[in-house]
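Taking this note's numbering, the leading residue of the sequence shown gets 1291, the next gets one more, and so forth. Even glycine gets a Cβ: it sits at the ideal position worked out from N, Cα and C. Structure first, then comments.
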Amino acid sequence: MCATTATKFGLNVLYIDSSCSFTARRLLEIMEAQCRECGEDLTEEEVEKRMKKIRCVTIFDALSLCQFLHELHDRYTTQQMTEEYEKLVIIDSLGAVLSTLIAPTFLAGRSLMTQIGRLIKLISSKFHVAFLTSNFTVGSGGVEGSKPALGSSWPFIPHNIIFLSPTSSTPPPSSPSESPPPSSLPSSSVFTACLRKSSSLPSHCVVRYQINECGIVCMES
């Protein structure tokens, strides 16, 4: 997502890393593979220009994340008319930051989660910035088979929810009678993405994809 946004659209990206999983080497591999597919040569000057469009910060706790979002809002307010700011903010992983704070008896943790959600929506709507957050899922007895690990109040924060799962598991079907077609690739290397507009109204929009050196490759829709 970072490489595609910076390379194909020329937009700035902010990556908030809470698990130390972000590496510049992997990002460079994806950029080089994408350029090879398009038959382009990637020079050192172009690599530096594209890498500068991606900024990574490391945050490990919810209070620091909340403070950072407040500072981000203030920075965007002062930069809005003077210079370009990030058009995509990725928080990986929001579930890792907040999961320890949402115990049923810990009301302060849920209040902090709500505050972070409101800040995300405020920045997104006020400055036209897209937010992409990752979260865990837990099992449920419902029809869809899973729900966000941040609790029942979180699904009302994002505009769209994308459920990701390997094909070896049982993802939400695109229709009651439809099953995924067979693939020539090993099932362990193929994943399913299902768009959910809400927890009670599935969109039945399902796509299968593979992760390789080029990043994410869509297989079908």
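Between the C-alpha atoms of R1326 and F1417 there is a straight-line separation of about 34 Å. The beta carbon of E1322 is closer than 7 Å to those of L1332 in its chain, skipping five residues each way along the sequence. Annotation: D1382 is outside any alpha helix (DSSP H); the continuous beta strand (DSSP E) that includes it extends over L1378 to D1382. Going by C-alpha positions, Q1500 is about 33 Å away from F1358. Note that the C-beta distance between G1385 and I1447 is not below 8 Å. Exclusion of the five residues before and after V1387 leaves S1308, A1352 and L1355 as the residues of its chain whose Cβ lies within less than 6 Å of its Cβ.
Here Y1499 carries a strand assignment [DSSP, helix/strand/coil]. Annotated as distal: E1374 and V1419, with beta-carbon spacing of 8 Å or more. A distance below 8 Å between beta-carbons, with the five flanking residues on each side excluded, links L1317 to the following residues of its chain, in chain order: C1292, A1293, M1341 and I1344. The Cβ neighbour count for I1452, taken over all protein chains shown within 10 Å, is under 16; the residue is labelled exposed. Ranked by how close their Cα comes to the Cα of P1445, the residues R1486, P1456, L1409 and D1364 have R1486 in first place. The beta-carbon separation of F1481 and S1455, rounded to 7 Å, stays under the 8 Å limit for a contact.
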